[in-house]
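Those sequence lines, one after another, are chains A, B, C, D, E and F.
Under the working numbering, the first residue of the first sequence is numbered 13, with each subsequent residue one higher.
Under the working numbering, the first residue of the second sequence is numbered 9, with each subsequent residue one higher.
Under the working numbering, the first residue of the third sequence is numbered 88, with each subsequent residue one higher.
Under the working numbering, the first residue of the fourth sequence is numbered 5, with each subsequent residue one higher.
Under the working numbering, the first residue of the fifth sequence is numbered 133, with each subsequent residue one higher.
Under the working numbering, the first residue of the sixth sequence is numbered 94, with each subsequent residue one higher.
Each residue gets a CB set at the ideal place from its N, CA and C atoms; glycine is no exception.
Treat the numbers as computed from the prediction; the structure is a model and nothing was measured.
Shown next, in structure tokens, is the structure this report addresses.
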Amino acid sequence: MIMKRISMAIAVLVMALLAADGLYAASVYKIGGIFSSTGRASFLGDPEQKTMEMMIEKINAAGGIDGVKLEAVIYDSEGDPAKAVSAVNKLLHKDKVLAIIGPSTTPTTLAIVNFVERAQVPLISCAAGVKITSPVKPWVFKTAQSDLLAVAAVYQHMKARGIKKIGVLTVSNSFGESGKHQLLNQAKDFGLEVVQADSFGAKDTDMTAQLTKIKAAGPDAIVCWGTNPGPAVVAKNVKQLKIDLPLYQSHGVASPKFIELAGDAANGIILPTGKILVTGLLDGSDPQRAILEDYQKDYNAMYNANVSGFGGYAYDAVNLLAGALKGSGGDKNKIRDALESTQGHMGTTGEFNFSAQDHNGLSPKAFVMVEIQNGTWKLIK
Amino acid sequence: MLRIKNLKCSYGSITAVHGVSLSVKKGELISIIGANGAGKSSLLLAVCGLMKTWSGEISFEDNSLRGMSPPSIVRAGISMVPEGRQIFSPLSVMDNLKMGAYTMYRKRMKAEVEKDFKMVLSMFPILRERADQLAGTLSGGEQQMLAIARALMARPRLLVLDEPSMGLAPKIVDMIFETIETLRNQGVTILLVEQNARAALKIADRGYVLETGKMVLQGSADELLVDDDVKRAYLGQDYGDFYDGRGN
Amino acid sequence: MQEIIQYLFSGITTGAIYAVIAVGLSMLYSSTELINFAHGEFVMVGAMAMVTFWVHLAWPLPLAILAAMALGCTLGLLFERFAIRTAKASNPIVLVIITVGASIFLRGTGMLAWGKDPFSVPSFSSHESIEILGAALLPQSIWIVLGAIGLAGGIHFFLKKTLTGKAMVACAVNQKAAWLSGIPSERMAVLAFAISTGCGAIAGIFIAPITMSSYDMGTILGLKGFCAAMIGGLGSLWGAFAGGILLGVLESLGAGLISSGLKDAIAFILLLLILYIRPGGLFAAKEAKRF
Amino acid sequence: MSDKLSARSRARIENSIFLAAVILLGLVTENTYYLQIMTFIGINTLLALGLNMLMGYAGQVSLGHAAFYGIGAYATAILSGTYALSPWLALICAVGGAVLVAFIVGLPTLRLSGYYLGMGTLGFGMIVNILFREWSSVTGGASGFVGIPVLEAGPMVFMSGKSYFFLVWAVVLAAILICRRILRSRMGRALRAIHDGENAALAVGVNTHYLKLKVFMFAAALGAVAGFLYAHFVLFISPESFGFMVSVKMVTMVVIGGMASIWGALLGAGLLTLLPEVLHGFAEYEMIVFGLVLMLVMIFMPQGLTRGFLDIYHASRKKRQ
Amino acid sequence: MTNQDLRQAQSQQPILDVQGLTKLFGGVKAQDNISFSIEPGIVCGLIGPNGAGKTTLFNMITGIYAPDNGQVIFNGRNTRKMAVHQLVKAGIARTFQHVELFGSMTLLENVLVGMHVRTRCGFWGAVTRFPWVNREEKAAVEKAESLLEFTGLIDDAHKPAGDLPVGRQKTAEIARALASDPLLLLLDEPAAGLNAVETENLGQLIRAVKDRGVTMMLVEHDMSLAMGISDKVIVLDQGRKLAQGTPREIQNDEAVMAAYLGG
Amino acid sequence: MPNGTNPMDTADKEQLKLERLQSTLNRAYKNVPFHRKRFESHNLTPQAIGALEDIEKLPFMKRADLGLHYPYGLFAVPLRDIVRIHTAPGTGDRPSISGYTQADLLIWKKLVARSLNACGVTDMDILQIHLPAGLANWGRDYKDGGELLGASVIPNSMLSLSKTLMVLRDYKTTTLVTTLAFAEQLTDHMFERERHPNELNLKRIILVGEPVTKDIVKDLEARLHADIWQHYGLSEIPGPAIAHECGDHCGLHICDDHILPEIIDPATGQTLPAGTAGELVLTTLSARALPLVRFRTGDMARLITEPCGCGSPFIRMEWLTERADDYMIISGIKVSQEQTAVYLKQALGISDPDCDMERIRLNGTEALGISLVLDDALFSDEIKNLEQLMFTTERSLTENLGVPVTIRLMQKRN
């Protein structure tokens, strides 16, 4: 008997949830956000979420878009695809948002792509995975530079230095895997030979085994593709193993945190990064410099913290969306079309030139190569 | 000294002890005898606090033992030598003795403990020989000695022994009983629970006979030694033995 | 050859970390028959406490270590007192779920307290690695191995030489007899918990310099420690130690010689084989009891 | 009040009320979000049901049950996605595969006991998960598998929303019925007997090892079905969804709901699915609250919620009298 | 082959023949070269002081332990390679010292579980409920009810076994054991925890079971029961067979007395 | 060895009593169908008796019950354990049989020794026992008890008065155990022979069998120059020395560690508060062969709960001379009038003899005098026959009752 009561209780609970779903009118543009604010990808999601909140506030302070205020509804995916799906459904069906920004990671993005496509809501992802926009899906865009471009930037640099054989070490998650894929695929194009490819677990405490193996294969340089904290351990291990080879890292660690974590071992590491990290080092003529300085100033003022490269993805996404929202009158189709036709949008990440074939819109110019020296970034021209 | 009134113990729905009363006076050696399943062990479990679900009254030196945990009962002055020895096999003989003196150490009576070591080791010279051996490597009889010695280390005013003869060869059993008698002669009050009725009664002052959780006989040891009921408590009775014309 | 030695070095380093964690788990198991799934979180607490005490507050190293250990012990004590002992359950799975709940709780608390970013802690001594037979050995690895041996030795000493330690062994061997000897086994359980979580914290303290510490670092470490304890045979101290080293070496050799991606799988397959062949672990505590 | 009713007719009443509740909820709820949550509850219920049979009745803890969930999901994804097999055929293969794996793994593993069994299943789960991640040419690796087709049956298209809700809950209902039938049969009696006392069950001639293996396979099958439903619902799968923490969560569902209780599985799955949704409001405190709730429930209702609620109910009734 | 046939086939050969059984536990002999045989249809008491090895012997006969040496011949078959459930199927049933009923199940269900080896519905049968399944179930329930009737428990058939008083639980264990149509029934301390009246009723039940042709072996500490209903008594002490004979012979056996009472 | 002077804590004694009561009840319930039925008819088991007071829940046992279960029906041990069987006159046509196991004898030996010890008997004493045939059993008990103490015992034998006196004098007897009637007879005899008590070494006389008033005691003491001590016993179980006087001579100490006394209202069966006079009900606490549970003695007594000046822990009773039943005490032996009538019936072969009974003095000793109304049924023409009948009847009654019997024929009453 009690069973019945319990199932009734559950029913009532769910009903109550239903009823609580207010029907407040859309005198605002509701924009959804899904970020890995906690969990293992929180280093991505947290600044992204903060940036989005900041931007929305800023836009609203400036009177909104076409006089309509924006409202952000942000959920935490914890980096879990299932949670992302839950969040996207909430955004699509409960909050009925106009567009979604995020998620932060490739799997979470891929997990929700089908839902936004079906619901026909524009999504601007902040994840880097190539799979997100290739093949192109009508409603899915992304602001983060693809690994494709990052790898290209790295290989370009190697080629210039005359490196022939490389060892590849990637983290066993979607970021590393996607990077590995690009590293292996593009090597030939730059005349490089991958002599050893290895991986490490995201939470591993020691990578000397893999490095020893790579060292034994005799490469000219080592590329490590991962996100914090693993690459910092790799950097330390490389120093400790006295491997005297150039170490390349990915844009995934392009943050002051990496230098903090790797400490002395960070010196000499070369990596591609968005310009955000090296704003101060950029030429005054760089078209992105002003935007970057703006962003950094705002972020600093609001959160009393330095920006990371990742928050910029959200910054660009919000700006892109804001641009597309203008004159759309809240019509999702119009927003999508406006996004797809965005050209020459200067963002923190680079210059966005969207088209029906390219929903990322960035070129290798979005990356600059930097070297870490004495605990700070040095631009490699 | 120890007084048990109308004790009833049960495990779940099974009652193992049905209202048993018994008492031990200072300086006495009391034997509780009975076949297995008679409820002897349950009774002891209740006395030393290992069993909580009992009703009735157990008092030691006029303080009720209700609700007391085994360690506080040890501190109150009752030490038990559990059935099957239960020595700490991975510890050395000496360490086993130290464990026995745990409450003494906690009372900061180190000097007394040293004295007790001497006393106990002189009482059981074999333990002195094996002081550094692991207790698990001792023979059954030696383990029993160790178990007794360990219990003595807590300076009990009442020493409770649960089936010290179990599983031992007859010769060793004799030795154990001699030891118990010596202890009694030295003034230790002893409650001895035994299956080996004759041996236990020979050294006891008084005895109790338990049968299926009930006390069926008690009296001085000499009375019980001549009592055929004791035998029947173990081997049962043939109803044919009784006079046939009864009950009409 | 040089590589093999290098693999062994790395294996032993990670193995020593697993060993310290496994020793803590095993020690708790031997006195309470409970596996603490929140153990990894105590490792996290230890590492994060080092970040706070040593890096942020700049306390002297020994003081910071002591403080981090004390924090681990205190938390373990509170956990035992308020969660484990309050639970009326006799079913071990319920206690296990409680520890799972505790691990989530601690992780959440850690996130609040230290934020989501990873932190790095400097090595106890120089960064320069030492070269042995052409293989590099990190000084911190030596620290870790020494720490692991020291800890296992310390616990060994505690259990074998001190009265309280022996009492704890007594409780573990035969709780009934220990009770009857006047040893308060409840207090021993609390103590075992505190020591065990203290071990976890120590593991965290030692590994903080070589890996990066973050609020969610504990889960996987706890898991590996659990595996190590299992391989060694639950309840056996040196078994846990050996299990940890073995697991580390297997992983390292697996990564070096076969595939770095499958290294965990290789280690786990070997574990399963060990379990099938010796269901009680490699060093299953032999029954010293004669009857 | 229901003492007079036979167990069977009581079960029928319970089932019909449950069925009615499901249909009512499905019809009334328009919001896709809620439908989707309930769909997840349904999928989790399937997982918990299988595991509950294994843990609650056969007394075997599995810390790697997510592996079967994953095997079901990946098998159907790969077969229907990569090889364009009909999803329904893929389902049969997935379930068959999971059962086969369960048989092979269970044969040696179920001979272990206690924590060692937990370790064995945990190891198995980890290995399977690593395979999902590393065998990227087939599984899509850590980035996940995309391209899972939408379920169709004739004119019906099971897309997110009501149709899927009803599909999942129909499966749940069927699973509940099957579990009940099993529990009421000779096999189920033997199972419950193992639960009450393994020694005695052995002594009356129950081949406990074989029976445990059977239940392990059954639980694997239910897990695979759940995986199938998950894959075709989310249309994207990645190894993270089938990791160790998912296994632990499944065990938690069973224990929190109440072991050896079919409704307990439902309750546990419901609670553990709903709780994070509700806790979103706690933002940063979510994990703390979740951990606390878990601990408190276990500390004060060690028998799980079903038993706990029943006890409270009985206690309050006694008080009233 | 039905039980009836089996019974006829057995003629007068002993139903249980234990030959030189030896069992070591960590080098210690728990059982030392024990031999005896039990004729069909009798009640055989097995007594001995604590630690004599009675339960170990039971466990070896029921296949829970494998003997280190010697063999058990049950009904003409060597049981060495047989698993516990095969032995049950062959006709050995037992009860436990501490009631081990399935507490959450009703008495009827308990007895039905007892019939496990005599029924065959498996997973698919349960799911599909083919007509033969229902027929089998119906027959099983009828038989279970008749057993409960026989043991006088029919009124409690639908109560959870764990809720019954100990006396009835003990009886129920016997009913459950009988459900597997045993040729040999091993009773491990059936009277433990019972009061005098219950013990007396138990004795009557055992006699009634004996009248059904079931051979019984019984470990019992309540000697008035053991001596009262046994046709033959075997005494174990320290893992060895000490004596064997009628209850009266045993009661007057000096060696037995010494074993029990000490020298 | 606990004795009268050994201080025993009240709590200890209460504890001991409870222990013994419980085991007695357990044994009685387990082994004796009679007791089990009594328990069952009151819906009780021995477990219901958790304290001494709980004994009130149990029904009484009457003398008649002993006869009803003649001969061995109330034995709680198999016959082969019994080492001694005593017979006492019963109430109906069957005597009551009591049996003793080895342990019983041992216990009673100790009890008697304790009682003797309480009146100062030691191993220096010479103990002479002189009891009538009906109390011969007690004679054996006193012998055993005396021997246990180490006293030199002169056992009971059927000597003539003068031989007894000779032994008393020549053997330098210090302690004499006897009945009041015999003591008086002896005194009379001695004074008739002009013997002086000073010739004797007699220090004390222990009187058994009936309550003796203070006056008589004083009189006897004065005449014999010996202290008089009273002992209380039951002829059924277990024998003498259930209660004994101490040096203070104020009430009899009941050995309540072995025998549990109660005082009830003989009419209603209600337990009376301490200090009230009523019928004495006894429960054996250590008897093995024949446990008595709430046995109504028919004796009237009053319990004295105040501690005794002698320091003995045993409770005292004042033994009253009146009776709660139809028994007469003749020469220390209880004689049931009802049973006598039955015997008379059998001996005379008539259905309903009309008679009166009284205690009479016969040749210095006590006897039962029966005044039989001569009616038609009895009347015989031949006086000789009648005399013969009376003679055989007297002999038969004497044998059955253990006391001398004389029958006086009376005319039919008006």
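- Excluding sequence positions up to five before and after Leu368 (chain E), its CB lies within less than 8 Å of the CB of Ile166, Leu178, Ile179, Gly180, Ala184, Gly185, Lys186, Leu189 and Leu374, all in the same chain and listed in chain order.
- Interface with chain F (9 Å Cβ-Cβ cutoff): Gly45 (chain B) is excluded.
- Within chain D, no residue has its CB atom less than 9 Å from the CB of Thr211 (chain E), the nearest being about 14 Å off.
- In the structure shown, Gln108 (chain F) falls within a helical segment according to DSSP collapsed to helix, strand and coil.
- Against chain F, the CB of Val217 (chain B) has a partner CB under 9 Å away; the residue lies at that interface.
- Annotation for Pro93 (chain A): the continuous alpha helix (DSSP H) segment containing it runs Pro93 to Asn101.
- For Val176 (chain D), there are no C-beta contacts with chain E under 8 Å, since the nearest C-beta of that chain is about 16 Å from it.
- In the three-state scheme derived from DSSP, where H, G and I count as helix and E and B as strand, Gly202 (chain E) is classed as strand.
- Put simply, the CB of Asn71 (chain B) is far from chain E, with every gap to its CB atoms at 9 Å or more.
- When E:Asn333, E:Gly325, E:Leu319 and E:Ala276 are compared, the shortest CA-CA separation from Ala204 (chain D) is found for E:Leu319.
- With a contact defined as Cβ atoms closer than 8 Å, Phe270 (chain A) and Asp204 (chain C) miss out at about 11 Å.
- Straight-line measurement puts the Cα of Arg252 (chain E) at about 52 Å from the Cα of Ala214 (chain A).
- One thing to note: Pro199 (chain E) has its Cβ within 9 Å of the Cβ of Lys155 (chain E).
- Taking 9 Å as the cut-off, the beta carbon of Ala311 (chain E) is found closer than this to the beta carbon of Val245 (chain E).
- The beta carbon of Ile45 (chain D) is closer than 6 Å to those of Ala273, Gly274 and Thr277 in its chain, skipping five residues each way along the sequence.
- In this structure, Gln226 (chain B) places its C-beta atom within 9 Å of the C-beta atom of Gly215 (chain B).
- In this structure the segment 240-248 of chain A touches the segment 263-277 of chain A; the number of beta carbon pairs closer than 8 Å is three or more.
- Between Ile288 (chain A) and Gly264 (chain A), the beta carbon gap of about 14 Å keeps them out of contact (Cβ cut-off 8 Å).
- Relative to the Cα of Ile353 (chain C), the nearest Cα in the group C:Arg365, C:Lys263 and C:Leu337 belongs to C:Leu337.
- Excluding its 5 nearest sequence neighbours in each direction, Cys403 (chain F) has C-beta neighbours in its own chain below 6 Å: Cys339, Gly340 and Asp341, listed in chain order.
- The beta-bridge partner set that DSSP reports for Asn71 (chain B) consists of B:Phe68.
- In the DSSP annotation of this structure, the continuous segment of the beta strand (DSSP E) that includes Trp389 (chain A) starts and ends at Thr388 to Ile392.
- For secondary structure counted as the beta strand (DSSP E) over 3 or more consecutive residues, the segment 238-285 of chain F holds these complete runs in sequence order: 245-247 and 268-272.
- Taking 4 residues as the shortest admissible run, the segment 270-352 of chain A contains the following complete alpha helix (DSSP H) segments, listed from N- to C-terminal end: 301-315, 323-337 and 344-352.
- If you check the CB distance, Gly74 (chain D) and Pro243 (chain D) come in under 9 Å.
- About 6 Å separates the beta carbons of Met161 (chain B) and Asp124 (chain B), which is inside the 8 Å limit, making them a contact pair.
- Residues of chain C with a Cβ closer than 7 Å to the Cβ of Asp103 (chain B) are, in chain order, Lys253.
- Residue-level contact check: Pro147 (chain A) does not touch chain C, since none of the beta carbons of chain C fall below 9 Å from its beta carbon.
- Secondary structure at Val351 (chain E): strand, using DSSP grouped into helix, strand and coil.
- The beta carbons of Ile178 (chain A) and Val207 (chain A) sit about 7 Å from each other, so the pair counts as a contact at 8 Å.
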